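Numbering (our numbering), first residue to last: 133 to 449. Built from N, CA and C at the ideal position, the CB exists for glycine as well. A quick note: this is a predicted structure, and the numbers were derived from the prediction, not measured.
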């Protein structure tokens, strides 16, 4: 959660955007944060956030940009684990219908726009970026970098998911809408796409932090894979050496004194150094020999033992 909090804090501090971009961000924050409520035939604008900075940004923007007063209410929500989480609800009770018309969430026929207004998704690129920023501030989530990296936004309606997917396409990013437990979501899973979206939304510092953690995680994963690979190789080598020692011991019992000296020396090295590799056995030989020479001599020793044992069995028959 720490990285997610950092991203939302960084996005909430963006200032100096063009008027159209601010409007697009405010519209997206209202749509993805909750939208419009009809209470006693009056339209009330209400949006909920997990970031106080995001709620404060929207409150200030509603006042300075649209001339309406908005209040922030702190609400504690229970969690499935028995704890609670704090949410910040921005609501406009007076002038809600006028604000909905100003943001484009009500069309000229007074119909509720279930996605994002067309002037936002088809606007200039700064508006499209701001729409994604607003949606993320309202209901976005970001994984810690790892095997299952994702950037995801929970959408209030299917139309909202389609709007967000269209906006991502205009930014050159492929985002996939999907349904999870009856909720609509838009998800990015490609790490490069996630990094680029963070940059486009306006969170370069968080993008660098996310990428750094991702690189560290990949490096640790590679190191772990190499360590596991080495462990597996060591186990296989130890098993092969133990089996070779058992066969050499049997060959000595079968052949007795009838063993050529070079083969006996190679076999004895294996018995004396059961955990050593063939290369190490070669260095221990007097004079030193190659690992291929060690392997060849042990192989001929075992072949001679097998041949002798079979001959004795046939003679006994």
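Cβ-based burial, residue i [other Cβ within 10 Å; buried from 16]
i	result
residue 262	buried
residue 460	Within the shown structure, residues of the chain are numbered from 133 to 449, placing residue 460 beyond reach of any answer.
residue 144	buried
residue 140	buried
residue 340	exposed
residue 81	For residue 81 there is no data in the structure shown, the boundaries of the chain being 133 and 449.
residue 327	buried
residue 186	buried
residue 429	buried
residue 414	buried
residue 162	buried
residue 295	buried
residue 447	exposed
residue 285	buried
residue 211	exposed
DSSP state of residue i mapped onto helix, strand, coil
i	result
residue 231	helix
residue 414	helix
residue 167	strand
residue 353	Unreliable placement is indicated for residue 353, whose pLDDT of 48 sits below 50; the coordinate value is still reported in the next sentence. Helix, per DSSP.
residue 174	strand
residue 134	helix
residue 139	helix
residue 192	helix
residue 388	coil
residue 303	coil
residue 147	coil
residue 162	helix
Nearest-angstrom Cβ-Cβ length linking residue i and residue j, presumed shorter than 8 angstroms
i	j	result
residue 376	residue 433	Not confirmed; about 10 angstroms, so no contact.
residue 299	residue 181	The pair is not a contact, with the Cβ atoms about 20 angstroms apart (cut-off 8 angstroms).
residue 325	residue 318	Contact flag wrong, Cβ pair sits at about 12 angstroms.
residue 236	residue 245	6 angstroms
residue 229	residue 146	Between residue 146 and residue 229 the Cβ distance is about 29 angstroms, and since that is not below 8 angstroms, they are no contact.
residue 247	residue 292	5 angstroms
residue 157	residue 266	4 angstroms
Residue i versus residue j - alpha carbon distance
i	j	result
residue 312	residue 405	60 angstroms
residue 344	residue 151	34 angstroms
residue 402	residue 427	10 angstroms
residue 164	residue 224	16 angstroms
residue 425	residue 443	27 angstroms
residue 274	residue 416	57 angstroms
residue 241	residue 234	13 angstroms
residue 420	residue 392	18 angstroms
residue 323	residue 238	36 angstroms
residue 221	residue 280	31 angstroms
residue 135	residue 379	59 angstroms
residue 184	residue 193	14 angstroms
residue 305	residue 297	9 angstroms
residue 168	residue 226	13 angstroms
residue 277	residue 217	24 angstroms
residue 354	residue 321	In this predicted model, residue 354 has a pLDDT of only 49, less than 50, meaning its place in the structure is not dependable enough to derive any value.
residue 435	residue 412	23 angstroms
residue 206	residue 177	16 angstroms
residue 268	residue 372	57 angstroms
Residues sharing a beta bridge with residue i, DSSP
i	result
residue 216	210
residue 181	220
residue 437	Paired residues: none, contrary to the question.
residue 203	223
residue 319	284 and 308
residue 272	285
residue 244	238
Within-8 angstroms CB hit, residue i to chain B
i	result
residue 183	The question asks about chain B, but that chain is absent: this structure has only one protein chain.
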